[in-house]
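There are 6 protein chains.
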Amino acid sequence: MRCGELAERLDERLAVEEYADVDASANGLQVGPADREVARVAVTVDAAVSTIEQAVDAQADLVIAHHGISWGGIDRVTGTAYRRLAPLIEDGLALYAAHLPLDGHQTLGNAAGLADLLELTDTEPFGELGPVHVGQRGTAPDAYSVDALHDLLAGELVHGGEGVQVLEFGPDRIEDIAIVTGSGVDWLEEAAESGADAFITGEGKQKAYHLAKEHGIHAFFAGHYATETFGVKALQDRLEEWGLKTTFIHEPTGL
Amino acid sequence: MRCGELAERLDERLAVEEYADVDASANGLQVGPADREVARVAVTVDAAVSTIEQAVDAQADLVIAHHGISWGGIDRVTGTAYRRLAPLIEDGLALYAAHLPLDGHQTLGNAAGLADLLELTDTEPFGELGPVHVGQRGTAPDAYSVDALHDLLAGELVHGGEGVQVLEFGPDRIEDIAIVTGSGVDWLEEAAESGADAFITGEGKQKAYHLAKEHGIHAFFAGHYATETFGVKALQDRLEEWGLKTTFIHEPTGL
Amino acid sequence: MRCGELAERLDERLAVEEYADVDASANGLQVGPADREVARVAVTVDAAVSTIEQAVDAQADLVIAHHGISWGGIDRVTGTAYRRLAPLIEDGLALYAAHLPLDGHQTLGNAAGLADLLELTDTEPFGELGPVHVGQRGTAPDAYSVDALHDLLAGELVHGGEGVQVLEFGPDRIEDIAIVTGSGVDWLEEAAESGADAFITGEGKQKAYHLAKEHGIHAFFAGHYATETFGVKALQDRLEEWGLKTTFIHEPTGL
Amino acid sequence: MRCGELAERLDERLAVEEYADVDASANGLQVGPADREVARVAVTVDAAVSTIEQAVDAQADLVIAHHGISWGGIDRVTGTAYRRLAPLIEDGLALYAAHLPLDGHQTLGNAAGLADLLELTDTEPFGELGPVHVGQRGTAPDAYSVDALHDLLAGELVHGGEGVQVLEFGPDRIEDIAIVTGSGVDWLEEAAESGADAFITGEGKQKAYHLAKEHGIHAFFAGHYATETFGVKALQDRLEEWGLKTTFIHEPTGL
Amino acid sequence: MRCGELAERLDERLAVEEYADVDASANGLQVGPADREVARVAVTVDAAVSTIEQAVDAQADLVIAHHGISWGGIDRVTGTAYRRLAPLIEDGLALYAAHLPLDGHQTLGNAAGLADLLELTDTEPFGELGPVHVGQRGTAPDAYSVDALHDLLAGELVHGGEGVQVLEFGPDRIEDIAIVTGSGVDWLEEAAESGADAFITGEGKQKAYHLAKEHGIHAFFAGHYATETFGVKALQDRLEEWGLKTTFIHEPTGL
Amino acid sequence: MRCGELAERLDERLAVEEYADVDASANGLQVGPADREVARVAVTVDAAVSTIEQAVDAQADLVIAHHGISWGGIDRVTGTAYRRLAPLIEDGLALYAAHLPLDGHQTLGNAAGLADLLELTDTEPFGELGPVHVGQRGTAPDAYSVDALHDLLAGELVHGGEGVQVLEFGPDRIEDIAIVTGSGVDWLEEAAESGADAFITGEGKQKAYHLAKEHGIHAFFAGHYATETFGVKALQDRLEEWGLKTTFIHEPTGL
């Protein structure tokens, strides 16, 4: 498949245009000519020197990453920008990025993937950001205890570093769960005000402690990387259905 | 001392006005009439319901916090804003906030305090933010190993939660150290480009991993709370010199 | 009724959300927890120390004001902001504000109330402000003379200060009348260009004189306070229908 | 004198450039070619059809007005803009505008003129607006009573309409007086916080009532027009010194 | 016909309102009272002193120009602005401007007129600018050679100066042609990416050279003036149908 | 010399930082790691595929261009951005850009070079752009006639396309000449108002015609490329003095 054709198909599937005004990431094809032929795709969370080198080793023609390399425009191709672009160009790889579109997609996205893992039902969009949503909420058929939810997250997610951190300020029985993966603390209050028992995100931030305490909600910090492998893996399945070979490049950050 | 007089003295000592254009925090007197008489001051990292209640119990007249309650204006005094304001007003406490001015002050600030703990010399302002700096850098008289620096931070700082996390991508001998306390990952590249061996901040962020790796610099995440007790404690000393009684309200967040 | 439930009902009735982008006032519940129980409501034009104290004396649980206390965010709870918030919080009153939504509502609003007093017919929205209107225009079944209209306004409106001022530059017979209550001079030209014989607002402004003269339209300045008691009084009726007790707090400003 | 030369001299004398960033008025020469010869100048508060026609009758070559006709750019020369421009162009008059520069000038300005009338001493700039001031404050050698100050203003200023309105919330003896002429209510709080006993401006605004009451300061509304004849009259004297004939066009607005 | 009525009819016909947010030109009636009676209309590309004087000589009541005299507001009626406004006002002419609405209109516009000249078929809007288009593209029934297209443009358009300049980087056979008249180089890449063989605009810009070369597309610079006489001439026909007399004022700029 | 060291030396020499707020071009090192060793430098007007390829052929290590490849940030490295970056990265060339700093420098800049060619004396900065200037003006010791100035420009500048175009609206004797190279029409009025007899720039624009005519000034359009080879050639001399080999890559655009 031509790179440009594949990019257009992904743009459409992920509704990339709807996120254009609220995402600093230049989603879609970020690097490479549209007429490049693509047979093998490497998917990964972060486009960076080491993951790109692994994609080269895997003989990929295209890297699809949740975190690409253009955020608000590349002012100078020096330093880190140069180090990341050079291997892509020298080894002939293209790069496709899908940031918020892959957080908020209600079946393929990161939050949707985590909700599946927790077997939530009655799921609905959560995490308002202008006209779109970047997360998902749902109900646990059987209520979790704090320990059970902690252990499930700690056991199933690959963190590569710290474990799962909990601010234990909510009720004993956790049924209603709101999720924004990655760096989602800004939606903790929306979760509390909408009645969730627990809010799950990736990274913690200082202000979360008192907000969670004062709202009486549990906050789980399960790792930015660990909560954001779902989306690119879900894309992997679609790509294979479209006749492409795929490789998942795994480099957990521990963050 | 009158509350207004004390606030003016602190404003001047911390050069609050220089930070006005770059800090979302409304630094200075945030709550309370200027003519209130102040005898006892509670200092704390976060102004929140529980720390304010502890200040009430300590019979303080004024709370000085690194993180206040007004960030870009309080649109509605409902929810959390109400819960935090109500005890201040009902129990007659005033609130003074010093955010970035207390991060960047080169002798009283959080980074300066952490640099003291590490016994850095030849310290200078670090962490550009418009016209001001929010951190400090310096040289360790005897080079640290990664383990030694980790253990010093882990042993001396009170985290209340996770320990100190290290991205170990720098040299064996750590001499040149750059510090921005709290949420300082945005200055990791400035640290690397200026030749630092290690960068210390409070919270980790996902993007730090590959930036540290590609720049060949160590990144230490020693906790937002844990790295930001220095400033308010340094103020405590000054306040006592000015004849005021003080109390440090300690509520570590583990973040 | 719970305060939050009442606020939502009012938000909906007054279409508060439609005005969000054009009104500096934080319309809706401005102060107080949503779970407070409300039995008695005090309505008033201005939320300020003296009207709040009168509401306390009247044993109200909630104050509904046309002019609230949050305009573009409260940066510091000091000075006037403190003096107004303190009695609300100390005496357990909530505050609900409805500014432009209560100017522009076509049956409950201030302009609509004044149009009723003048017995205008064929009324329609007037006073464009982005996507909404903040006034009303209509036709007098029997034409007014300048003196008759002046006397009606002077006799029926409670000013508390100066009387009604007229810039007498329009035709002898006044049939088509445009109204924007309060501070509405900016719509004088819209009134003239749409063919109105007279424009009625609350406060005069210097530039109105020559605009009215050059457009050949009468301008009536009937007082900011005096033209803006209609809206909160109309709400009073609705609140009583909903089973709440109400009190109108009257403090004319003479402006 | 050539029009351009006169304009430059006025620009310099009034420090027009210092006000450029904070004034919507296009101060300086607003209409007319710079090479026009000027023998007679008409000065007036408002540039409008009737005052321009009076200037034509007075055989003036140039109109100097406090309120000109270009505020943020003339988008279309239709309606009022056409009616005002046409007589200027048809009858060969130029127009020079001096808005905030003529409010804030500490000897020629409107506030300075009113301070002179009140015989204030120890005058200093008042009314901060970015880098400049738009008013003046000073001390009355013998304290005024409210009635005495009211009567002096009512007797000496030509209003053409309503008299002088007072919000009587300050002390019995009025010594420290702050002045911003015209539409200056936004500086009422600065006046109160700086310890003034009374604040004098031209137009009243609704919010002034409770602010004055809560701050315990008198507010005098002496008329927009009436407080702003001082500046252009002071210019008249300078122009005569420069050998030009002058006429004061008086059209009080009553506002 | 009254000037205001004619202006409204043109506004509607040219969909002036749709262009309001993207055009610096104040499109519509720019100068003159709406109640002026119009019998003869002069149409021209540029409203300027010499074309206005020719319109006066032609005894026109209204000038319709592609380039008017108000772009983002007239700050001062001095210098050039004065020289252009004065003859309009002194000789009683009104001015109507239609900039982008007359570039992008798909039957009356400049690009549409040029497409007609080239006998393009299957025309469609081209040249995105926010919600509107400012050009047109279409297919030549018989492919042009570079020389044939050059000679046609050079022969049919009246330039008044330089001839037609070609950057000859496209294919031998030119079938698919995109047009944005005037200053349209910013759409050269859109033309190339949409598969056009040649892009025609008025003025050249330095950056066009390498963009055309790298995209393999021909760029024709046929003159700003020369490509923009189509629109006002098309309006001339409509005006005559509406019973008005018209004159085309021709002043080629050679640019 | 290391690339980073050379870039810093040029940044300082050209006062690059002073232009940072007004220039869309990311001036300074745009592409390449700072530690690259530089022996040979290719200088050129435009960084583009063909000039970069010529620099590769010339075995340059660094390209210095007046027009670089990053203008307001590279959003996507696709299309033209890819085609230009790829040969730089694949062949190991760095890229340094100097746009407005090389227009406005008063001895090395483009305008200064053109002023030298015309043997102007008493030169001074011309062409205000915020805090900097982008051109130069001066006096011809012996007045030029229009023909003489035209012939000098046409004879000495290498255009590669159209010749020199003149709008002949100024005086017979041309003594005072203002220059902004490249695309400088926006400063034509500043030239006229400051008394220049002729204004020289590179590209013409439609609006220049009537402005020049109404101001009575000659406008010479001598080609964007042709007027902008001076700056990079002047740098060539400095680089040779610093011990570097240099090559001038000449690709006239005819624009």
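Residue numbers (the numbering used here), protein chains in the order written: chain A, 204 to 458; chain B, 204 to 458; chain C, 204 to 458; chain D, 204 to 458; chain E, 204 to 458; chain F, 204 to 458. Using N, Cα and C, we set each Cβ at its ideal position, and we do this for glycine too.
| message | Using a Cβ-Cβ cutoff of less than 8 angstroms, which residues in the same chain neighbour Gly-419(B) once the five nearest sequence positions on both sides are dropped? | response | Residue numbering aside, residue 419(B) sits at position 216 when the second sequence is read from its first letter. Cβ within range, chain order: Phe-372, Gly-373, Pro-374 and Ala-395.
| message | Quick check for students: name the residue ranges of the beta strand (DSSP E) that lie wholly in the region 259–344 of chain F, counting only runs of 3 or more. | response | 265–270, 297–300 and 324–332
| field | For Glu-417(B) and Glu-293(C), the rounded distance between their alpha carbons | value | Numbered from its first residue, the third sequence carries residue 293(C) at position 90. Numbered from its first residue, the second sequence carries residue 417(B) at position 214. Roughly 56 angstroms between the two C-alpha positions.
| request: Specify the secondary structure class of Lys-460(D) as computed by DSSP and reduced to three states. | output: A query on residue 460(D) cannot be resolved here, the shown segment of chain D reaching from 204 to 458 and no further.
| field | Pro-344(C) at chain B interface by Cβ criterion, 9 angstroms | value | In the third sequence, the residue the question calls residue 344(C) occupies position 141. No, because no Cβ of chain B sits closer than 9 angstroms to the Cβ of Pro-344(C).
| task | Spatial neighbours of Val-361(E) within its chain, please: CB distance less than 7 angstroms, with the 5 preceding and 5 following residues excluded, ordered by chain position. | result | The sequence position of residue 361(E) within the fifth sequence is 158, counting from 1. Cβ within range, chain order: Ala-429 and Pro-455.
| task | Output, in sequence order along the chain, the residues in the region 383–402 of chain D whose CB is closer than 8 angstroms to any CB in chain C. | result | Gly-385, Ser-386, Glu-392 and Glu-396
| When Gly-366(A), Val-219(A), Ala-227(A) and Asp-249(A) are compared against Val-266(A), the one with the closest alpha-carbon | Position 63 of the first sequence, counted from the start, is the residue given in the question as residue 266(A). Looking at the Cα atoms, Asp-249(A) is the closest of the given residues.
| task | Measuring alpha carbon to alpha carbon, tell me which of Gln-368(B), Arg-376(B), Leu-298(B) and Gly-312(B) ends up nearest Ala-343(B). | result | Mapped onto the second sequence, residue 343(B) falls at position 140. Ranking the options by Cα distance to Ala-343(B), first place goes to Arg-376(B).
| message | Using beta carbons (cut-off 9 angstroms, strictly below), is Thr-254(A) in contact with chain F? | response | Translated into positions along the first sequence, residue 254(A) becomes position 51. False, the Cβ-Cβ gap to chain F never drops below 9 angstroms.
| query | In chain D, which residues lie less than 9 angstroms from Arg-441(C) when you measure between Cβ atoms? | reply | In the third sequence, counting from the first residue as 1, residue 441(C) sits at position 238. Going along chain D, no residue has its Cβ under 9 angstroms from Arg-441(C), so there is no contact; the nearest lies around 24 angstroms.
| task | List the residues that DSSP assigns as beta-bridge partners of Thr-404(F). | result | Position 201 of the sixth sequence holds residue 404(F). According to DSSP, Thr-404(F) bridges with Phe-424(F).
| request: Say whether chain B places a C-beta atom closer than 9 angstroms to the C-beta of Asp-294(A). | output: Your numbering for residue 294(A) matches position 91 in the first sequence. Output row for Asp-294(A): interface = no.
| message | Just to confirm the assignment, what range does the beta strand (DSSP E) spanning Asp-379(A) have? | response | For the purposes of this step, residue 379(A) is identified with residue 176 of the first sequence, where counting begins at 1. It spans 377–382 - the beta strand (DSSP E) in which Asp-379(A) sits, taken as one unbroken run.
| Arg-216(C), DSSP secondary structure in three states | Locating residue 216(C) in the third sequence gives position 13, where the first residue counts as 1. Three-state DSSP puts Arg-216(C) in a helix.
| Three-state secondary structure (DSSP) of Ala-245(F) | In the sixth sequence, counting from the first residue as 1, residue 245(F) sits at position 42. Strand.
| said: Quick check on Pro-304(E) - is its C-beta less than 9 angstroms from some C-beta in chain D? | reply: As a first step, residue 304(E) must be located in the fifth sequence, where it is residue number 101. With 9 angstroms as the cut-off, Pro-304(E) does not count as an interface residue toward chain D.
| query | Does any heavy atom of the ligand SAH sit closer than 8 angstroms to the C-beta of Gly-407(F)? | reply | In the structure shown, the ligand SAH is absent, as is every other ligand, since no ligand is present at all.
| field | Residues within the region 265–292 of chain E neighbouring chain D, beta-carbon criterion of under 7 angstroms | value | Ser-273, Gly-275, Gly-276, Ile-277, Asp-278, Arg-279, Val-280, Thr-281, Tyr-285, Leu-288, Ala-289 and Ile-292
| said: I'd like to confirm the pairing. Which residues does DSSP put opposite Arg-239(B) in its beta bridges? | reply: Position 36 of the second sequence, counted from the first residue, corresponds to residue 239(B). According to DSSP, Arg-239(B) bridges with nothing at all.
| How big is the Cα-Cα spacing for Arg-441(A) and Leu-320(A)? | Taking the first sequence and counting its residues from 1, the one referred to as residue 441(A) is at position 238. Taking the first sequence and counting its residues from 1, the one referred to as residue 320(A) is at position 117. Between Arg-441(A) and Leu-320(A), the C-alpha separation is close to 19 angstroms.
| message | Please state the DSSP three-state secondary structure of Thr-432(B). | response | What you label residue 432(B) is simply residue 229 of the second sequence in a count that begins at 1. Of the three classes helix, strand and coil, the one that applies to Thr-432(B) here is coil, per DSSP.
| query | Per DSSP, which one or two residues make a beta bridge with Leu-370(A)? | reply | Counted from its first residue, the first sequence places residue 370(A) at position 167. Partner(s): Ala-422(A).
| message | Contact criterion: CB-CB distance below 9 angstroms. Does Ala-258(A) meet it with respect to chain F? | response | One-based indexing of the first sequence puts residue 258(A) at position 55. Chain F, which has no Cβ nearer than 9 angstroms to the Cβ of Ala-258(A), makes this no.
| query | From which residue to which residue does the alpha helix (DSSP H) around Val-349(E) run? | reply | Position 146 of the fifth sequence, counted from the start, is the residue given in the question as residue 349(E). Per DSSP, Val-349(E) belongs to the alpha helix (DSSP H) from 349–359.
| So what does Leu-232(A) bridge to, in DSSP terms? | Here residue 232(A) corresponds to residue number 29 of the first sequence, with the count starting at 1. Answer is Tyr-299(A), bridged to Leu-232(A).
| message | 9 angstroms is my cut-off, CB to CB: does Val-234(B) come that close to chain C? | response | As a position in the second sequence, residue 234(B) is number 31, starting the count at 1. Yes, because at least one Cβ of chain C sits closer than 9 angstroms to the Cβ of Val-234(B).
| Name the chain F residues whose beta carbon is nearer than 7 angstroms to that of Ala-229(A)? | One-based indexing of the first sequence puts residue 229(A) at position 26. Ordered by position in chain F, the residues that pass the 7 angstroms Cβ test against Ala-229(A) are Asp-278 and Arg-279.
| Between Gly-333(B), Lys-410(B) and Leu-317(B), which lies nearest to Phe-433(B) when the distance is taken from Cα to Cα? | Position 230 of the second sequence, counting from 1, holds the residue named residue 433(B). Among Gly-333(B), Lys-410(B) and Leu-317(B), the Cα nearest to that of Phe-433(B) belongs to Leu-317(B).
| field | Interface partners of His-453(F) on chain E, CB under 9 angstroms | value | In the sixth sequence, counting from the first residue as 1, residue 453(F) sits at position 250. Residues of chain E passing the Cβ test: none, with the nearest at roughly 13 angstroms.
| said: Looking at the secondary structure, which residues open and close the beta strand (DSSP E) in which Thr-449(D) lies? | reply: Walking along the fourth sequence from the start, residue 449(D) turns up at place 246. It spans 448–452 - the beta strand (DSSP E) in which Thr-449(D) sits, taken as one unbroken run.
| said: Please confirm whether Ala-170(E) has its beta-carbon closer than 9 angstroms to some beta-carbon of chain D. | reply: The displayed coordinates of chain E run from 204 to 458. Any statement about residue 170(E) would go beyond what the structure contains.
| message | Less than 9 angstroms between CB atoms is the rule here; does Glu-417(D) satisfy it with respect to chain C? | response | As a first step, residue 417(D) must be located in the fourth sequence, where it is residue number 214. Yes, contact with chain C.
| field | Min CB distance Gln-339(F) to chain E below 9 angstroms | value | Start at 1 with the first residue of the sixth sequence, and residue 339(F) comes out as number 136. So no, Gln-339(F) is outside the interface.
| task | Would you kindly report the start and end of the unbroken alpha helix (DSSP H) that includes Leu-391(B)? | result | Start at 1 with the first residue of the second sequence, and residue 391(B) comes out as number 188. Counting along the chain, the alpha helix (DSSP H) containing Leu-391(B) begins and ends at 391–396.
| query | Is it the case that the Cβ atoms of Ala-315(F) and Thr-324(F) are separated by a distance below 9 angstroms? | reply | In the sixth sequence, the residue the question calls residue 315(F) occupies position 112. In the sixth sequence, the residue the question calls residue 324(F) occupies position 121. No; because the gap between Cβ atoms is not below 9 angstroms, this pair is not in contact.
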